[in-house]
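Written below as structure tokens is the structure these notes are about.
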Amino acid sequence: MQPSQPPDESVPADVRARVMVAALDELSRWGVERFSIEALAERHHLDPAMIHRFWGNRQRLIVAAALADAEAYSSIADTGSLHGDLLALARKLADRINSPAGRAFMRALVMDRRGPHDEETRMMVWEARFAVVREVIDRARKRGDLRDDVNTLAAVQTVLAPLNVRALYSDAPIDDRYCEAVADMAWHALARK
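Numbering (full-length UniProt numbering), first residue to last: 1 to 193.
Following this line, the structure appears as structure tokens:
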């Protein structure tokens, strides 16, 4: 399965901005299963034919919206150390998760087994987000900060999982102390000692 292609450069910036805001709003309201281009277009006063022309189908639009959302936490600062990068990653993710749109969007992506198409869409969203946050692990590997046997996927999930679970089960903001605890836990699990 391939992640969605990058946004089509032929999409005018104003159109892309309006449609991405609308898509994130629809996903946070209705989730993946009930996401509909036609409902989105009607609610947000957009032309459904234009959306289909630029994005093709609902799956590509959902993945494009997820990539737009992931841009909110892309380019994690290079602090020069694994621990510093993990803390920067946790803080950046928490900032996005703590926003009403970020939390709602995350909850909209929770698994529901109503259809294989939607599971495939979720996997494409996860792959797109994974590509954004894995830079921290890749950087640490190049610096020689990681143990030799570290699995990149497991390493990323070591940071993401506690933040995501907390956001899914609580409306309380994720504070800096929790980010520090997650970064410390991940560092102890991943670092070459």
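Note that beta-carbon positions come from the ideal geometry of N, C-alpha and C, so glycine has one too.
Since we're looking at a predicted model, the values are computed, not measured.
Look up residue i in the DSSP assignment and say whether it is helix, strand or coil.
i	result
Leu89	helix
Leu109	coil
Leu163	helix
Leu168	helix
Ala77	coil
Pro7	Per-residue confidence for Pro7 stands at a pLDDT of 46, beneath the threshold of 50, marking its modelled position as unreliable; no derived number is given.
Leu67	helix
Leu46	coil
Round the Cβ separation of residue i and residue j to the nearest angstrom and send it over; I've been treating them as touching at under 8 Å.
i	j	result
Arg103	Val32	Contact flag wrong, Cβ pair sits at about 16 Å.
Ile137	Ala155	5 Å
Asn98	Ile37	Asn98 to Ile37, Cβ: 29 Å. No contact.
Leu67	Ala128	5 Å
For the alpha helix (DSSP H) that residue i lies in, which residues bound it at each end?
i	result
Ser28	13 to 30
With burial defined as no fewer than 16 other Cβ atoms inside 10 Å of the residue's Cβ, what is the status of residue i: buried or exposed?
i	result
Thr152	exposed
Ser28	buried
Ala183	buried
Asp149	exposed
Glu26	buried
Arg177	exposed
Val132	buried
Asp69	buried
Any heavy atom of the ligand ADP within a distance shorter than 7 Å of the CB on residue i?
i	result
Arg177	For the structure depicted, the ligand ADP is absent and the ligand set is empty, with no information on it obtainable.
Task: Inter-stretch contact at 8 Å, needing at least 3 Cβ pairs: the stretch 80 to 99 / the stretch 42 to 56 - done: no
- [ ] State whether the stretch 182 to 193 contacts the stretch 78 to 86, with contact taken as three or more CB pairs (one from each stretch) at a distance under 8 Å.
- [x] yes
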